[in-house]
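Just below is one structure, and these are the notes that go with it.
In my numbering, the protein residues as written are 1 to 264.
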């Protein structure tokens, strides 16, 4: 999460969004629930956001959110914000391949910038007069508020009137036998570790299916690089969270399999 109550925001998603998605998707596959999977996920995301913004403490606090579901031989990724999801696979030559599942919701992404501006928001760097610095952010026109560095999020009630949305974006990929891992990390990891580096690190643990160790390695390396860089002169570290899922090809196990691990 981000903002003063960011931890509460992310905790609320764990407590409400995840169980809601699990139960409604189970109903769907039992033939008892809604037919359209994308509608199920969208409604769950938007309902969680609506519950959050009813609370005053989430006026300038919120959270990103990324969900990856295995649906038969497909991978469904739904996301809000910049907690990026990638998959690691083995190419035909035996080389490790990193593929983006999600596309960060940053204000400088051209389609996101246009969407925010249509909603009445302003995309620019923070600053005053002729002094501007840092990443592109979402503001109310002519104001230094709310200044979000993402264009979609849960919570952040102050940004909803200028285009900050909790409507998820989707990607669907085939789950082929060459896929070995799925990695989801907050931007504190991706600011310091490239997707190619992340996949190579995780693959070091693939033979033992040790997702916990892989996630810990990612977070540890990102933290070390943040401290070395001392980005703001004081050594502060952005949120660092990683979830790793190891995938076993069907040919290497009777039913295939997954093993999940996380660290922060």
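Glycine is no exception: its CB is placed at the ideal position from the N, C-alpha and C atoms.
DSSP places residue 20 within a helical segment (H, G or I) once states are collapsed to three. Ranking 96, 207 and 241 by CA distance to the CA of residue 216 puts 241 first. In its chain, beyond the 5 residues on either side, 7, 9, 10 and 63 have a beta carbon closer than 6 angstroms to the beta carbon of residue 1. Residue 173 has its alpha-carbon roughly 11 angstroms from the corresponding atom of residue 72.
Membership of residue 56 in any beta strand (DSSP E) is not indicated, and neither H nor E is assigned to it by DSSP.
In the structure shown, the three-state DSSP call for residue 149 is coil. For residue 90 and residue 181, the gap between their C-alpha atoms comes out near 10 angstroms. Looking at the DSSP output, residue 100 bridges to 86.
For residue 220, the enclosing alpha helix (DSSP H) starts and ends at 211-229. Per the C-alpha coordinates, the member of 93, 107 and 88 positioned closest to residue 100 is 88. For residue 25, the three-state secondary structure derived from DSSP is helix.
Taking a contact as a CB-CB distance under 8 angstroms, the pair residue 201 and residue 246 does not count as one, their CB atoms being some 13 angstroms apart. Here the alpha carbons of residue 86 and residue 203 stand approximately 13 angstroms from one another. For residue 69, the enclosing beta strand (DSSP E) starts and ends at 65-71.
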